[in-house]
Amino acid sequence: MGQEDRAMRVYFAHPCFTDGQREFKELFLAGMSAALRGHMVLVDPFEHTPLVEGPDRDLKVLMAGEIKSRCLMLLDECDVLIALADDADTGTAFEMGYAHAIGKPVILISRGDCREANAMLIGAAEAMIDNVLVREQIQKLVRVLQELDGTQQAT
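Residue numbering for the sequence shown follows my numbering, starting at 8 and increasing by one per position.
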């Protein structure tokens, strides 16, 4: 099945360890789902891997390689990566760097201002969307994804 025969797959790189991060994720995914109306598939790595960021460091070390491999496999299967710039999360930065290195388009998003992110993350981004929970900004993000989807289907 060719690229044009399937929905665009969008990997969502983000931290999800605190109540605030989980609340953001729920609000963002709800807004995106409503805006996308099933035309694209959002891939959340936290739905495919165990949560090991906690007090059990031995479990984290035991599971780290498997989690990394699973996330990179999911990312390989996606067409584009959306990365949350907030909270200086090293996992998100790793996923963003990997996506950039293998030629996947990267979109940087923020609850506030993407310009507060590390310069290398900004430099790797094809687009930046600030205040991403605002309805108009979600619509802007969807337009960017649609443009990328059209570009990729033509190749």
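Virtual Cβ for every residue (Gly too), placed ideally from N, Cα, C.
>> Tell me whether the segment 134-151 and the segment 49-59 touch, counting them as touching only if at least three CB pairs, one residue from each stretch, are closer than 8 Å.
In response: The segment 134-151 vs the segment 49-59: no contact.
> Short check: CB of Cys78 to CB of Glu60, under 8 Å?
Replying inline: Taking the first residue of the sequence shown as 1, we reach residue 78 at position 71. Taking the first residue of the sequence shown as 1, we reach residue 60 at position 53. Taking 8 Å as the Cβ cut-off, Cys78 and Glu60 do not qualify as a contacting pair.
> Does the beta-carbon distance from Pro57 to Met70 come in below 8 Å?
Replying inline: Locating residue 57 in the sequence shown gives position 50, counting from the first residue. Locating residue 70 in the sequence shown gives position 63, counting from the first residue. In this structure, Met70 lies closer than 8 Å to Pro57 by Cβ.
> In terms of alpha-carbon separation, which member of Ala90, Ala106, Asp94 lies closest to Leu148?
Replying inline: Walking along the sequence shown from the start, residue 148 turns up at place 141. When only C-alpha atoms are compared, the closest one is Ala90.
> Would Ser117 be called buried (16 or more neighbouring beta carbons within 10 Å of its own) or exposed?
Replying inline: By one-based count along the sequence shown, residue 117 stands at place 110. Its Cβ being crowded by 16 or more others within 10 Å, Ser117 is buried.
>> Quick check on DSSP: helix, strand or coil for Val151?
In response: Taking the first residue of the sequence shown as position 1, residue 151 is located at position 144. Correct three-state label for Val151: helix.
> In terms of alpha-carbon separation, which member of Arg150, Ile145, Gly157 lies closest to Leu34?
Replying inline: To locate residue 34, count along the sequence shown from 1; it is residue 27. Checked all of Arg150, Ile145, Gly157; the closest Cα to Leu34 is Ile145.
> Less than 8 Å separating the beta-carbons of Leu128 and Val17?
Replying inline: Here residue 128 corresponds to residue number 121 of the sequence shown, with the count starting at 1. Here residue 17 corresponds to residue number 10 of the sequence shown, with the count starting at 1. No, the pair does not count as a contact, with Cβ atoms beyond the cut-off.
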